[in-house]
Amino acid sequence: MKQVLRRQKWQFLFGGFVAVTGVLSVMFFLILYLPTRSDYLALQSSIARLRAESDQRGRTLERLESMDEQLVAAGQDQVGFVTDRFISREQGFAAIMPDLEALAQIAGIERNRVQYFIEDQPRFGVYSVQVTLPVQGDYRTLTGFIRELERSNTFFILDSIGLAASGDASELSLSLNLTTFFSHDG
Numbered sequence: 038m039k040q041v042l043r044r045q046k047w048q049f050l051f052g053g054f055v056a057v058t059g060v061l062s063v064m065f066f067l068i069l070y071l072p073t074r075s076d077y078l079a080l081q082s083s084i085a086r087l088r089a090e091s092d093q094r095g096r097t098l099e100r101l102e103s104m105d106e107q108l109v110a111a112g113q114d115q116v117g118f119v120t121d122r123f124i125s126r127e128q129g130f131a132a133i134m135p136d137l138e139a140l141a142q143i144a145g146i147e148r149n150r151v152q153y154f155i156e157d158q159p160r161f162g163v164y165s166v167q168v169t170l171p172v173q174g175d176y177r178t179l180t181g182f183i184r185e186l187e188r189s190n191t192f193f194i195l196d197s198i199g200l201a202a203s204g205d206a207s208e209l210s211l212s213l214n215l216t217t218f219f220s221h222d223g
């Protein structure tokens, strides 16, 4: 009987130890599980928020890359326009004079001394050049000359036309104020 009591005593002790260990395990589980679970849920919501931000930034990046491509194309278009339509400042006014001479010959007008002024500082990559061009001829030839200026490969802006009387009634004297541009070298 003593052995049975002793055995029951050890079983109670072992059962108590197992029960205490089980209760401690459940307590540690609850103590560690709840904060970990809340951290896990917070991490999941943070991941979802960061994915949404990343998607938004990706769309913004695509939009900015598209804009960059458009700006590069616009810059290339501007450079192409400037090089195609404007004479370089290095070539100077001497490059425009043959064009004006040819236009005057085509229209059949007399061209007097040309005066010009080149701007010191470039704006938007070009130098502005103001040209004063006195011309003489009848109405038909002068309007033909103005049409030829408009069709010219060199970019001319007709700012103003000054009319002066001449001795001959059929002949007109005009002072044309033009603006053209030289491209910025370098």
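Quick note on the numbering used here: the sequence shown kicks off at 38 and runs consecutively.
We put the beta carbon where it would ideally sit given N, CA and C, even for glycine.
Please read all numbers here as calculations on a predicted model, not as lab measurements.
Given a threshold of 16 other Cβ atoms within 10 Å of its Cβ, counted over all protein chains shown, does residue i qualify as buried or as exposed?
i      : result
Tyr164 : buried
Ile124 : buried
Ser91  : exposed
Glu102 : exposed
Leu215 : buried
Smallest Cα separation from residue i: which of the options?
i      : options                           : result
Glu156 : Val166, Gly162 and Glu147         : Val166
Thr191 : Ser210, Thr217 and Thr169         : Thr217
Leu211 : Leu67, Arg150, Arg43 and Met104   : Arg150
Val168 : Met104, Ile133, Ala89 and Val60   : Ile133
Gln173 : Gln152, Leu213, Arg184 and Leu195 : Leu213
Gln158 : Gly59, Ile68, Phe219 and Ala56    : Phe219
Take residue i and list the residues in its own chain whose beta-carbon comes closer than 8 angstroms to its own, dropping the five residues that flank it on each side.
i      : result
Phe175 : A small correction: the amino acid at residue 175 is Asp; Phe does not occupy that position in the sequence shown. Closer than 8 angstroms at Cβ, skipping near neighbours: Ser207, Glu208 and Leu209.
Asp136 : Ser189, Asn190 and Thr191
Taking 8 angstroms as the threshold, find out whether the region 111-123 comes into contact with the region 135-144 through three or more Cβ pairs. As far as the Cβ criterion goes, the region 111-123 does not touch the region 135-144, which means the pair count is below three.
Should the region 177-185 be called in touch with the region 67-82, which here means at least 3 C-beta pairs below 8 angstroms? With the cut-off at 8 angstroms, the region 177-185 and the region 67-82 do not touch.
Continuous alpha helix (DSSP H) assignments of at least 4 residues falling wholly in the region 110-195: As far as the region 110-195 is concerned, its whole alpha helix (DSSP H) runs of at least 4 residues are 133-144 and 176-188.
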